[in-house]
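Worksheet for the structure shown next.
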Amino acid sequence: MEQQLQNQDAGLFGLSIDTTGREHLAEAAKWARFLAIVGFVFIALFAIIAIAGGSYIANMFGRANQFNETGSGFTTGMTIAIIIYYLCIALLVFFAYLFLYRFAVNMRMALNGNNQELLNRSFQNLKILFRYWGILTVIGLIFFALFFVIAVLGRGGV
Amino acid sequence: MEENQSILELQVDQTASKNLSDAARWAKFLSVTGFVFMGLMLIFCLAMQSQIAGALSRVIPGFSNLESFGVLITAVIVAVGIVCLLMYFLFRGSALIRKGIETKNQETFNNGLSSLKAYFTMYGILAIVGLISNLVSIF
Chain A
-14 MEQQLQNQDA GLFGLSIDTT GREHLAEAAK WARFLAIVGF VFIALFAIIA
36 IAGGSYIANM FGRANQFNET GSGFTTGMTI AIIIYYLCIA LLVFFAYLFL
86 YRFAVNMRMA LNGNNQELLN RSFQNLKILF RYWGILTVIG LIFFALFFVI
136 AVLGRGGV
Chain B
36 MEENQSILEL QVDQTASKNL SDAARWAKFL SVTGFVFMGL MLIFCLAMQS
86 QIAGALSRVI PGFSNLESFG VLITAVIVAV GIVCLLMYFL FRGSALIRKG
136 IETKNQETFN NGLSSLKAYF TMYGILAIVG LISNLVSIF
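Those protein sequences? They're chains A and B, same order as listed. Under the numbering used here, think of the first position of the first sequence as -14, with each following residue one higher. Under the numbering used here, think of the first position of the second sequence as 36, with each following residue one higher.
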């Protein structure tokens, strides 16, 4: 019954993952998995450097401001804020690579096991990945435009 | 034989086609944004060459003549070219996948998948080149 429904569905839409498509998707999934793993490693290193670097800077400023309580408090606060900022960036990028990894893994399992559900899940992750990058790009463009306008207005004012 | 093959093959059903269409739409937006950004960057580098050359000559000793800046511009053009090629694969893939789904054309759809594969392959190769160059510079 399920096979009949599947064939009806295929009949309606007429597209399938044939041998050629299967090869392309398998290759794409292989490279996507590699990219995702490399991405995870780099994000982990980035997060470690952000924390270690922030601690080092806090330590340096702490020694410079050891007799100035207000100054050292402000520096500690600033350092924590910078560390949190970089960790937030790492988290944002982590999710992108997670979606890429899930696309790759689900695609590989779908192609190996001829599993329709996993194929759909794989495409869903691909959709989420591109939508995620698209929304981040739009937000980035808005910030860029705002800074540009402020810079131009600032120059005009001077 | 063909019927047996279609039973065994994975299908692009309603869910898959919707997800792929949405993915292709966003991928097209990203590729177009990439093209525009690369174009603007190239225009900026060419338009502000004297200011950039001046700033770099203060930081890098020996970076003062036209030849050095020519080398830099060439490197920028090559980098822009590589990124534009990457964006082209993504653009072509997204366009063909959407067209293939809309017209239910298997060949167009497969060509779209081929471009998507090329995009990920090129991205992977660039990542490997980047990794090797970083490792070489560290050690």
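Heads up, the beta-carbon is just placed ideally off N, CA and C, and yes, glycines get one too. For clarity, every value in this text was computed on a predicted model and none was experimentally measured.
One finds nothing in chain B with a Cβ atom closer than 8 Å to the Cβ of Val137 (chain A); even the nearest lies about 15 Å away. Using beta-carbon distances, Val47 (chain B) counts as an interface residue toward chain A, with a partner under 8 Å.
Cβ-Cβ distances below 6 Å link Ala59 (chain B) to Ser129, Ile132 and Arg133 in the same chain, with the five nearest sequence neighbours on each side left out; the list follows chain order. Bounds of the alpha helix (DSSP H) holding Gly147 (chain B) are Gln141 to Ile173. In the three-state DSSP reduction, Leu45 (chain B) falls in the strand class (E or B). Interface residue (Cβ-Cβ distance to chain B less than 8 Å): Val134 (chain A) is not classified as such.
Pairing Leu151 (chain B) with Phe108 (chain A) gives a Cβ-Cβ distance that is not under 8 Å. Counting C-beta atoms within 10 angstroms of its own C-beta, Arg140 (chain A) has fewer than 16 neighbours from the protein chains shown and is therefore classed as exposed. Contact annotation: in the stretch 3 to 24 of chain A, residues whose CB is within less than 7 Å of a CB in chain B are Asp3, Thr5, Gly6, His9, Leu10, Glu12, Ala13, Trp16, Ala17, Phe19, Leu20 and Val23.
Using beta-carbon distances, Ser66 (chain B) does not count as an interface residue toward chain A, since no partner is under 8 Å. Taking 8 Å as the CB threshold, Arg140 (chain A) stays off the interface with chain B.
Identification of residues in the stretch 104 to 124 of chain A having a C-beta nearer than 8 Å to some C-beta of chain B yields Leu104, Asn105, Phe108, Gln109, Leu111, Lys112, Leu114, Phe115, Arg116, Trp118, Gly119 and Thr122, given in sequence order. With at least 16 other beta carbons inside 10 angstroms of its own, Thr64 (chain A) counts as buried. With a cut-off of 8 Å on Cβ pairs, the stretch 103 to 110 of chain B is not in contact with the stretch 138 to 157 of chain B, counting fewer than three such pairs.
Between Tyr86 (chain A) and Met92 (chain A), the alpha-carbon positions lie close to 10 Å from each other. Listed by position along chain B, the residues whose Cβ is nearer than 7 Å to that of Ala95 (chain A) are Leu45.
Nearest neighbour of Arg7 (chain A) by Cα position, chosen from B:Gly147, B:Val118 and B:Ile160, turns out to be B:Gly147. In this structure, the beta-carbon distance from Leu65 (chain B) to Thr122 (chain A) falls below 8 Å. By the Cβ rule, the stretch 63 to 82 of chain A counts as touching the stretch 28 to 36 of chain A, because three or more pairs are nearer than 8 Å.
Setting aside the 5 residues that flank it on each side, Ala88 (chain B) is surrounded in the same chain by Phe104, each with a C-beta closer than 6 Å to its C-beta; the list follows chain order. Nearest neighbour of Phe126 (chain B) by Cα position, chosen from B:Gly159, B:Thr68, B:Leu166 and B:Ala162, turns out to be B:Thr68.
When 7 Å is used as the limit between beta carbons, Gly(-1) (chain A) is near these residues of chain B: Lys139, in chain order. The beta-carbon distance between Ala35 (chain A) and Ile2 (chain A), rounded to whole angstroms, is 41 Å. This is too long to meet the 8 Å contact definition.
Taking Tyr117 (chain A) as the centre and dropping the five residues before and after it, the same chain places the C-beta of Phe80, Ala81 and Phe84 closer than 8 Å to its C-beta, in chain order. Within its own chain, the residues whose Cβ lies closer than 7 Å to the Cβ of Leu96 (chain A), once the five positions on either side in sequence are excluded, are Arg7, Leu10 and Ala11, listed in chain order. Against chain B, the CB of Asn99 (chain A) has a partner CB under 8 Å away; the residue lies at that interface. Contact annotation: Val47 (chain B) and Ile117 (chain B) have beta-carbon atoms that are not nearer than 8 Å.
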